[in-house]
Amino acid sequence: MTNLCPLCNRSPISMQVGCCDTCGEMMNGKVGDQITSQISLSSPIIPSDVIDNCSVAVSRSLSGTTSWCSSDIKKKKLKYYEEMGNWIDNIEVLENIDINSPLPIDKNEAPKTIRVATYLSFLINLFLLLAKSIAISSSISYTIISSLVDSCLDLIAGMIISCTAAHSKFTLDDLKKYPLGKSRIPVVGILVFSILMACCALYIAIQCIMSLIEHEPSPPTTHTAIHVMWWTIFTKLAMTIVYSLLDHPITDTLAEDHRNDVLTNSLGLFMYWGGAHFYWWMDSVGGIILSAFVLQSWVQTALENAQMLMGQSAPDELIRSITYVAASHHPLIIGVEQVIAFQVGPNFMAEVHIILPDNLPLRITHHIGETLQLKIERIPEIERAWVHIDTETHNDCEHVLTMRTSNSIPSFSDNYNHFQSV
1 MTNLCPLCNR
11 SPISMQVGCC
21 DTCGEMMNGK
31 VGDQITSQIS
41 LSSPIIPSDV
51 IDNCSVAVSR
61 SLSGTTSWCS
71 SDIKKKKLKY
81 YEEMGNWIDN
91 IEVLENIDIN
101 SPLPIDKNEA
111 PKTIRVATYL
121 SFLINLFLLL
131 AKSIAISSSI
141 SYTIISSLVD
151 SCLDLIAGMI
161 ISCTAAHSKF
171 TLDDLKKYPL
181 GKSRIPVVGI
191 LVFSILMACC
201 ALYIAIQCIM
211 SLIEHEPSPP
221 TTHTAIHVMW
231 WTIFTKLAMT
241 IVYSLLDHPI
251 TDTLAEDHRN
261 DVLTNSLGLF
271 MYWGGAHFYW
281 WMDSVGGIIL
291 SAFVLQSWVQ
301 TALENAQMLM
311 GQSAPDELIR
321 SITYVAASHH
331 PLIIGVEQVI
341 AFQVGPNFMA
351 EVHIILPDNL
361 PLRITHHIGE
371 TLQLKIERIP
381 EIERAWVHID
391 TETHNDCEHV
401 LTMRTSNSIP
411 SFSDNYNHFQ
421 SV
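If you read the sequence shown in this note's numbering, its first letter stands for residue 1, the second for the next number, and so on.
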């Protein structure tokens, strides 16, 4: 008796592909719409139903906050249609994603230009540190001390960021040690740097408050200290402009640091000069303001980078994009059961559950799952994707974490007995 194809149940099966020749060609995308329409099991159920439902879900989610009776109805209408237009543009981009598309550029890998820029920043911070040490020897000022400590931390930060830049390139030798890549190394380096900056700024603020309580007079100004502060401001301003133009996560962090240095050193120079010519408390108050600015800036940076490592859920727009790619990937996909995307580092991880017919050969199911994984990983925001294949929709808990939260343990005895009997 001739075995029939498990896909169409009409033509004889070919042992080479695990199905008939027609279904095998359709699996490889070689058959047009006419042949596709003749095979009931292979008809494109997903693109016609699930994708439309996805668009309806997008429309409802985007209009959920829209109150058509509010006074600013025009602004909300414009925002609504703008977001819908962005989603349509995003669909056009997703349609062009294919397993043969070029690999997305790794923005976290530091090229040679970025590494040279970090080394140059380290040398400049070292020079400014020595210059401010000479300035303090001529005039002991809390404002200049705050600036000196800031330069010390810049030096430490330069060492941290230079190390992360040097080790950001992912090679074949790193595959065993870092299976998920090294994109989180810069995040960890920036997080450590931010905590150091915040702690030091808090310590300087406490010292300045103590000087105000004790009514310590401001020190006299010297030409050496003023010239050093001016040169620091001009140098940091130039570095802010140059490093902002490089457009890389590492240089963006350095540019933010240099920009803060321009503001804090400008304020520090004014308060240092005003303490000797106007009011005795200006030098200490300048140190407090400078420290508070640095503290707020780097606490915010630390929180942002810490959230990248906490596994927060991806934005709704990205989850919709992954759902669209999965639903329209192959006509044999009956449904998309679950899409999970979460942030670990600067990029996102994705886990997708799709439903396929239970009579498909393993070779075909593996082909569909693997090509979908490669296609999802070509979305620029996705660093790693996992595709799980199911044969039916169920709400059972598939991980221990969800079992604990729902206080339920699924029973697999029925399925186990079924497969044992087969």
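Backbone N, C-alpha and C define an ideal beta-carbon position, used for all residues, glycine too. Computed from a prediction, not measured in an experiment: that's the story for all the values here.
Give the range of the alpha helix (DSSP H) segment to which E383 is assigned. From DSSP, E383 is part of no alpha helix (DSSP H) but of the beta strand (DSSP E) over I382 to D390.
If we count the other Cβ atoms within 10 Å of its Cβ and call it buried at 16 or more, is M310 buried or exposed? exposed
Cβ-based neighbour list, W273, same chain, cut-off 8 Å, excluding 5 preceding and 5 following: T221 and I226
Per-residue DSSP class, three states only, for G311: coil
At which residues does the beta strand (DSSP E) containing P342 begin and terminate? The sequence shown places Phe at residue 342, not Pro. Segment G335 to Q343, the beta strand (DSSP E) holding F342.
Pair every Cβ in the stretch 283-294 with every Cβ in the stretch 329-338, then say whether three or more of these pairs are closer than 8 Å. no
Which residues in the same chain as V149 place their Cβ atom closer than 7 Å to its Cβ, once the five residues preceding and following it in sequence are excluded? C200 and I204
Hey, would you say I376 sits closer than 7 Å to I382, going by beta carbons? yes
Quick one: what's got a C-beta closer than 6 Å to L153's C-beta in the same chain, skipping five residues either side? L196, M197 and C200
Taking contact to mean 3 or more Cβ pairs, one atom from each stretch, closer than 8 Å, check whether the stretch 120-130 and the stretch 262-273 are in contact. no
Cβ distance (whole Å) where N260 is taken to contact V294 below 8 Å: 7 Å
Could you spell out the range, first to last residue, of the alpha helix (DSSP H) harbouring I322? D316 to A327
With DSSP as the reference, please indicate the residues paired to I88 in a beta bridge. Looking at the DSSP assignment, I88 forms no beta bridge with any residue, so it has no partner.
Going by beta carbon distance, what residues of the same chain come within less than 8 Å of D390, once the five residues before and after it are set aside? E337, H353, I354, I355 and L356
What is the residue span of the beta strand (DSSP E) that E370 lies within? Segment L362 to I376 is the alpha helix (DSSP H) holding E370; no beta strand (DSSP E) there.
V116 classed as buried or exposed, judged by whether at least 16 other C-beta atoms fall within 10 angstroms: exposed
From V325, P217 and A327, pick the residue whose C-alpha is nearest to that of A276; which is it? P217
Assign F348 to one of three DSSP states: helix, strand, or coil. strand
Measuring straight from C-alpha to C-alpha, what distance separates V344 and L269? 41 Å
Classification of G85 by the beta-carbon crowding that lies within 10 angstroms, buried from 16 upward: exposed
Using a Cβ-Cβ cut-off of 6 Å (strictly less than) and excluding sequence neighbours within five positions of V339, which residues of its own chain qualify? I319, I322, T323 and V352
Whole angstroms are fine: how far does the CA of A131 sit from the CA of T224? 9 Å
Under the three-state reduction of DSSP, which class applies to I379: helix, strand or coil? coil
For I355: DSSP bridge partner residues: G335 and D390
Using the Cβ count rule (16 or more neighbours within 10 Å means buried), how would you classify P186? buried
Assuming Q300 contacts F342 (C-beta within less than 8 Å), just tell me the rounded distance between them. Not confirmed; about 22 Å, so no contact.
Assign K112 to one of three DSSP states: helix, strand, or coil. helix
How far does the alpha helix (DSSP H) with I184 in it reach, from first residue to last? Note on identity: in this sequence residue 184 is Arg, with Ile being the wrong assignment. Per DSSP, R184 belongs to no alpha helix (DSSP H) and is neither H nor E.
Helix, strand or coil, according to DSSP, for D261 in the structure here? helix
Looking only at its own chain, which residues have a Cβ that is under 8 Å from the Cβ of Y142, when we skip the five neighbours before and after it? I204, Q207, C208, S211, D283, S284, G286 and G287
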